[in-house]
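**Student:** Mind having a look at this structure? Questions to follow.
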Amino acid sequence: MKQITGRMKQITFSFVLVAVLSLSNITQMTFAASSENQVMYDFQDPGAEAAAGETADEELADEEFFAGEAVDEELTDEDAFAGEAVDEELTDEEAFAGEAVDEDLADEEAFAGEAVDEELTDEEAAAGEMPDEEVTGEGTTGGEAAYIDVTGEEAAVAEAADSDSGAEDEDDRQLPDNGIPVVVIEIDESDGHTIDDMNSSSDHSVDCYGTMQIIVPGGFMYCDMAKAPSSLRPVQLEYIRGRGNSTWTFEKKPYKIKLSKKVNILELGKNKHWVLLANTLDPTGFKNRFTGVLGDALGFEFTPNGLPVDVVMVAKRDGEEYARINLGNYLLAEQVRVDDNRLEIRELSADDTAPEDITGGYLIHFGSQVAEDDPDKFYTDRGINLANDIPTFNPDDSDYTNEAQKEYIRDYIQKMENALFGEGVDDGDPFADQDGIRYNEYMDMESAALFWLIQEVSNNTDKYTTGSNYFYKTEDKFDDSGNLSETGRIFWGPLWDMDQGWSIPGMPDMNIEGFHLINEWLTAMVYDDNEEGFRETAKRLWPAVRDEILTLLEERGLVDKYFAETELSCVRDYEIWGDRIPGYREGGDFSENKENFKSWTRARIEWMDAHILGEGGDEYPNIDNAACRVTYIADERIIRREYYQKGGFCKLYSPDGDNEDVFIPQKEGYVFLGWEGEDGCILTSGEDIETDRTFYAAFVKEGETIKAEKILFRSEAEGCSLDREFFTSHYTILPYDAQDKEVVWTSSDPDIAAVDENGKVELLGTGTVMITATLSSGAAGSYQLTIFDEPQPEPESLEPDSDQILLKPGEYGHVDYRILPGYPSAYEVSFRPEDSSIATVDGNGVVTALQPGSTRIIIEAKYYDTDDNERSIEGSYIVTVTDTNTNTEEATITYILAGGSYDGSTADIVETHNIGDIISIREAPSREGYTFSYWMGSEYYPGDSYKVSGDHTFTAVWTKNEEGGDGDGTPADEGGTPADEGDTPAEENDTPGDEGGDKSDEPEDKPVSGDDGDDTPADEGDTPADEGGGKSGEPEDKPVSGDDGDDMHTPADGDDTPADEDDSKNTSDKNHDSSQTSQVSSTKTIVKSKTIVKSNKSSKSPSTGDESEAVEWLALMLIAGAGALFIALSGRKHRSKSGD
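Okay, so the sequence shown: first residue is 1231 according to our numbering, each after it adds one.
Set out below in structure tokens:
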């Protein structure tokens, strides 16, 4: 009783004293209106205000507080006597009769303002007698914004000023005036951690420290909140750091904030952990806010809510401000975590190890953005990529270790997956495990269906892949007797980070159609038609989801209110960041972004309605037909089930392909060959899945396998740019039905290029290496890989190494090619036949002959030029397939170069082909001083197709260049002398035997009938006996059996046979072929199918009799005489014109 009586005396004394001091404090605070009718706070000197404890400041020393009447949350129990000083940590016994007010006490319990709570109403904070950390806006008039000057030492001075006032010194200290709260973050860079360091940290490992405060405009209230927010006086930061993955790459950065104590920010509830979302991918500025409200309305356990703010970051060193940055519009939001006022599930302790203590709770997220070596990352048997969020087992983030908990949650998730795919179940429920437990007993169907519906209707591009997608496992509950009363399950959520959903900036009509079952869990669940399963649950819940969204989209609804509330802030934000954020509020037209959001969402809802509740359409099936099942059977038992979205691609085992992530069954003593389709044929690659499919395993006993015999590469020379990092080897193993296709890969220089077991080459440096593949049979093949880091010349041509290949039905063939003059940095090569009934070609250029005939194989290379435009080049060759039971007659095709050459060789070219073949006319030879015109016989051009019907000759026709000449002594020759003008026998530099004159200074070729390449004018038109052949353009000789096709028809022609009957009509063509080769100086073989190269022979052929020799001699004499006469007349005429 004595203690109670004494305590009551103290309380009475304190009550009177507080009343007196409160009146004194009112007189000390002054209010002054600016010329703009804005209000400026002008608090008295902090030291004076602290006298007698009238002003409470967290940083004041205990001595500055009188009797504990000034309230500081950090005061010790001794400082707060009689419970009048309020501390969050006071026990119930210390708070007597409501005199010590806890934050959660009702208004009635806080009397006379003596016990101060952070959430006191304006009426409870009488005239500002007890300043509170969360200052409300009541100090302002007319709803104007109150701005706190955070520069200098007097951090308690408040001002109201226009950010456009024009006063330079004032501007540096003023805050945005956009009608919404302003968050001011002061960073103390004295410890060496700067704002630039934090913003440059790609892994968010750099923390900064300082304070955060919030200034709320007077009278402001968010349109979707039930209570007006309060301002927040500076609170110490435990840290601020970067957050996010793709959004962190933008100039406008998002941040994670941890305060030194739990604070109720903007009426969102008390917590230490908050985030500032930059909205860089959200052209509306409210997508995440909209999603939060929607999640709450649909009954999710927790959905992070966020509110728009303007953010200013201030850099300080040694207490002095030296930089201030207006960061623009942000969403200040709750962080996803297990905590009070967050996801309120049981929070595990590192000491929990007993089986009944580790059943929950766990927060899991998808792990595509988590490093492979992170201890939190794990995969399910079906390859679903996940990571532990809470608790975390990453020692870099926490010292929390508990293997029992880690194993429990991963095992539980695997059990759910096994049930979903009916693992080990042959003829039972395909959506239950071997114990008969269905997947929906492991997972809550309503949260799963709602989560999917929100992801689908928003078409969120991050769905089911990134760390923004969560689910959690609740704990099992037991009754007092220790019996299980409620089984914990997997629940989906919270909804989070939806800025990449709800339409695409600038593309209001994009991505409105289609389901996106990108996760195999989803595809399997959508396939399940059980009444208690996922699909039927989603169909039941969709109308409620649809109606809730449409309500938010109504005119003057919440979306319109969001726009009105944040329009000015978002427009100013665009002025700050503009086009540095791609597609972000283009042109700053915020109203258009809002209307795009509304129109896109309504259109998406309409599509979802038709395909969830309706029949769907031809292009997109409704939800009942959106997924297909693939069943794998071995030895007449179901061994696996897979699910695909309709039209999806099922990758199957390929004996010579990349089998990563492909299901391969095992059978002891057998080798797996592949999967047979319903028709019994083995499928060698994959299948597009349009309906349910069944595949059957094909095995062969070990030792009875067909061995691979050959490996062929797409090309024996490849090239690529170093910055591609990897190059894929392109190869085919033959025969196709080989069962043992094991390959050992090696690189000639692993320091430049290393190759893995699948032939994938890692590019490590520049240079040339040989990549070799060796089969188990011992056969091997190689290709040369050139790696470069400098720009290469743009490709001009693609040239096959052969014009034609001959095959019999069932044979394989391959023609290599070159891309000239060099390889682009990246390219794709494809092959196609013009007639696939004659031959087929695979992706590496290997041809399979099917039936007799000829077809052209087109090789196309696609690449991008320096301007990033797609280009392509093509080359081709002929495949001729001959019947194995037919005796094929061969024919000779001769190419007479007539002074031209190939790579320096002037030898004529002779090819042997089968009659009936379609060949490609060879490329043009070269000749100095001349331009190639065409191949005479009749008139063919390089690349033309020609059907072989018998022996035939093609002769090169040349056109003399006007300038430069060929150096044969004509005026066109540079440096020629006048005496050289007509190429007469008197040509100055010729030998006496060079009768016609030419460049060689050797005796002139003796012309023969029909020879138009010996430099004699009499030869120009050929003789009448040549029935139009040669250069004259008359009809071509008709080839007959034994004719070599040279259009001369002389039996004495060295290549002709006595069967060349028509040659008897003109016996002057005795040595046509040999005379054409008189200028040949060397011999070279050019391989094109079967090729024979004529050697350099004299112009004389063996005599066939005295009579023919006499005739030949007479003909030569006549021609020589005519030539000499023509030259003389020409020379006279020329000299006459030149004045000589």
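Ideal Cβ positions, reconstructed from N, Cα and C, are used throughout, including at glycine.
Quick check on this structure: which residue in L1562, W1772, T1831, E2024 has the alpha carbon closest to the alpha carbon of E1743?
**Tutor:** Mapped onto the sequence shown, residue 1743 falls at position 513. E1743 has its Cα closest to that of T1831, out of L1562, W1772, T1831, E2024.
**Student:** Are at least three pairs of beta-carbons, each pair with one atom in the segment 2117-2130 and one in the segment 2178-2186, less than 8 angstroms apart?
**Tutor:** Output reads yes: the segment 2178-2186 touches the segment 2117-2130.
**Student:** Taking a contact to mean a Cβ-Cβ separation below 8 angstroms, would you say T1921 touches C1880 in this structure?
**Tutor:** Along the sequence shown, read from residue 1 onward, the residue named residue 1921 stands at position 691. Along the sequence shown, read from residue 1 onward, the residue named residue 1880 stands at position 650. Result no, Cβ atoms of T1921 and C1880 do not sit closer than 8 angstroms.
**Student:** How about I2087 and S2106: are their beta carbons less than 8 angstroms apart?
**Tutor:** The count along the sequence shown starts at 1 and reaches residue 2087 at position 857. The count along the sequence shown starts at 1 and reaches residue 2106 at position 876. Yes; because the gap between Cβ atoms is below 8 angstroms, this pair is in contact.
**Student:** Is it buried or exposed for K1713, if we count other Cβ within 10 angstroms and need 16 for buried?
**Tutor:** As a position in the sequence shown, residue 1713 is number 483, starting the count at 1. For clarity, residue 1713 is Asn in the given sequence; the question names Lys instead. The residue in question, N1713, is exposed, as its Cβ has fewer than 16 Cβ neighbours within 10 Å.
**Student:** Is there contact between the segment 1481-1493 and the segment 1502-1522, where contact requires at least three CB pairs shorter than 8 angstroms?
**Tutor:** With the cut-off at 8 angstroms, the segment 1481-1493 and the segment 1502-1522 touch.
**Student:** What do you get for D1710, buried or exposed, if any count of 16 or more other CB atoms within 10 angstroms of its CB means buried?
**Tutor:** Numbered from 1 along the sequence shown, position 480 holds the residue referred to as residue 1710. By the 10 Å Cβ count, D1710 comes out exposed.
**Student:** What first and last residue would you give for the beta strand (DSSP E) that runs through C1950?
**Tutor:** One-based indexing of the sequence shown puts residue 1950 at position 720. Start and end: 1947-1951.
**Student:** For G1558, tell me which candidate among Y1609, T1796, Q1664 has the shortest Cα-Cα distance.
**Tutor:** Counted from its first residue, the sequence shown places residue 1558 at position 328. The candidate whose alpha carbon is nearest that of G1558 is T1796.
**Student:** Three or more C-beta pairs closer than 8 angstroms, one from the segment 2000-2013 and one from the segment 1969-1983: is that the case here?
**Tutor:** The segment 2000-2013 is in contact with the segment 1969-1983.
**Student:** F1793 to S1799, Cα distance in whole Å?
**Tutor:** The residue given as residue 1793 occupies position 563 in the sequence shown. The residue given as residue 1799 occupies position 569 in the sequence shown. Near 10 angstroms, if we compare the C-alpha coordinates of S1799 and F1793.
**Student:** Which residues in the same chain as G1440 place their Cβ atom closer than 6 angstroms to its Cβ, once the five residues preceding and following it in sequence are excluded?
**Tutor:** As a first step, residue 1440 must be located in the sequence shown, where it is residue number 210. Closer than 6 angstroms at Cβ, skipping near neighbours: E1416, I1417, D1418, L1467.
**Student:** How many Å lie between G1697 and D1619 at the Cα?
**Tutor:** Position 467 of the sequence shown holds residue 1697. Position 389 of the sequence shown holds residue 1619. Going by the C-alpha atoms only, they are around 9 angstroms apart.
**Student:** Hey, would you say E1198 sits closer than 8 angstroms to N1535, going by beta carbons?
**Tutor:** Residue 1198 is absent from the model: the chain starts at 1231 and stops at 2370.
**Student:** Look up I1575 in the DSSP assignment and give the residues it is bridged to.
**Tutor:** What you label residue 1575 is simply residue 345 of the sequence shown in a count that begins at 1. Beta-bridge pairing links I1575 to no other residue.
**Student:** Looking at the structure shown, is R1567 part of a helix, part of a strand, or coil, going by DSSP?
**Tutor:** The residue labelled residue 1567 in the question sits at position 337 within the sequence shown. Looking at R1567 - three-state DSSP - the assignment turns out to be coil, as it is neither helix nor strand.
**Student:** I need the boundaries of the alpha helix (DSSP H) containing P1773, first residue and last residue.
**Tutor:** Within the sequence shown, residue 1773 is the residue found at index 543, counting from 1. Per DSSP, P1773 belongs to the alpha helix (DSSP H) from 1764-1783.
**Student:** Just to confirm my understanding: we take Q1730, look at its own chain, exclude 5 residues before and 5 after, and list those with CB closer than 7 angstroms. What are they?
**Tutor:** Along the sequence shown, read from residue 1 onward, the residue named residue 1730 stands at position 500. L1511, N1690, T1691, D1692, listed in sequence order.
**Student:** Near I2108, which residues of its chain fall below 7 angstroms by C-beta distance, leaving aside the five closest residues on each side in sequence?
**Tutor:** The sequence position of residue 2108 within the sequence shown is 878, counting from 1. If we look at I2108 and ignore the five residues flanking it on each side, its Cβ neighbours are D2033, Q2034, S2084, R2086, I2148, I2149, S2150.
**Student:** Got a sec: is the Cβ-Cβ distance from E1686 to anything in chain D below 8 angstroms?
**Tutor:** No chain D is part of this structure, which consists of one protein chain only.
**Student:** Beta-carbon within less than 6 angstroms of E1716's beta-carbon, same chain only, minus the 5 sequence neighbours each way: which residues are those?
**Tutor:** Counted from its first residue, the sequence shown places residue 1716 at position 486. Answer for E1716: K1707, listed in chain order.
**Student:** Quick one: grab the DSSP three-state call for P1538.
**Tutor:** Numbered from 1 along the sequence shown, position 308 holds the residue referred to as residue 1538. P1538: strand per DSSP, three-state reduction.
**Student:** DSSP three-state call for H1434: helix, strand or coil?
**Tutor:** The count along the sequence shown starts at 1 and reaches residue 1434 at position 204. Residue state, collapsed to three classes: coil.
**Student:** Could you tell me if R1802 is buried or exposed, where buried requires 16 or more neighbouring beta carbons within 10 angstroms of its beta carbon?
**Tutor:** Position 572 of the sequence shown holds residue 1802. Classification of R1802: buried, given that the 10 Å Cβ count is 16 or more.
**Student:** What's the C-alpha gap between I1588 and G1409?
**Tutor:** In the sequence shown, the residue the question calls residue 1588 occupies position 358. In the sequence shown, the residue the question calls residue 1409 occupies position 179. Computed Cα separation, rounded: 48 angstroms.
**Student:** On the criterion of 16 or more Cβ atoms from any shown chain inside 10 Å, does S2179 qualify as buried, or is it exposed?
**Tutor:** One-based indexing of the sequence shown puts residue 2179 at position 949. With fewer than 16 Cβ atoms within 10 Å of its Cβ, S2179 is classed as exposed.
**Student:** When the distance is taken between beta carbons, is I2089 closer than 8 angstroms to P2030?
**Tutor:** As a working mapping, residue 2030 is identified with position 800 in the sequence shown. As a working mapping, residue 2089 is identified with position 859 in the sequence shown. Yes. Within cutoff.
**Student:** Whole angstroms is fine: what's the gap from K1876's alpha carbon to F1745's?
**Tutor:** By one-based count along the sequence shown, residue 1876 stands at place 646. By one-based count along the sequence shown, residue 1745 stands at place 515. Cα to Cα, the separation comes out at about 10 angstroms.
**Student:** Taking the Cβ atom as the reference point for each residue, do S2378 and S1951 lie within a distance shorter than 8 angstroms?
**Tutor:** This structure gives no information on residue 2378, because the portion of the chain shown stretches from 1231 to 2370.
**Student:** Given 8 angstroms as the limit, is there contact between the segment 1960-1967 and the segment 1980-1988, that is, 3 or more CB pairs closer than that?
**Tutor:** Taking 8 angstroms as the limit for Cβ pairs, the verdict is that the segment 1980-1988 does not touch the segment 1960-1967.
**Student:** What would DSSP say about S1395, mapped onto helix, strand or coil?
**Tutor:** On the sequence shown, position 165 is the one that residue 1395 refers to. Since pLDDT at S1395 reaches only 31, below the 50 mark, its modelled position is unreliable, and no value is offered.
**Student:** Identify which residue in D1909, T1914, S1915, K1824 has its Cα closest to the Cα of T1924.
**Tutor:** Working through the sequence shown from its first residue, we reach residue 1924 at position 694. Per the Cα distances, D1909.
**Student:** List the endpoints of the continuous beta strand (DSSP E) containing N2099.
**Tutor:** Within the sequence shown, numbered from 1, the residue matching residue 2099 stands at position 869. Taken as a continuous stretch (DSSP letters only), N2099 belongs to no beta strand (DSSP E), as it is neither H nor E.
**Student:** Have a look at the DSSP bridge pairing and note the partners of V1465.
**Tutor:** Position 235 of the sequence shown, counting from 1, holds the residue named residue 1465. According to DSSP, which records beta bridges pairwise, V1465 is partnered with M1442.
**Student:** Is it the case that the segment 1601-1611 contacts the segment 1654-1662, given that we only count it when at least three CB pairs across the two stretches are under 8 angstroms?
**Tutor:** The answer is no - the segment 1601-1611 does not touch the segment 1654-1662, with fewer than three Cβ pairs under 8 angstroms.
**Student:** What residue range does the beta strand (DSSP E) around M2166 cover?
**Tutor:** Along the sequence shown, one-based indexing puts residue 2166 at 936. M2166 -> beta strand (DSSP E) spans 2160-2166.
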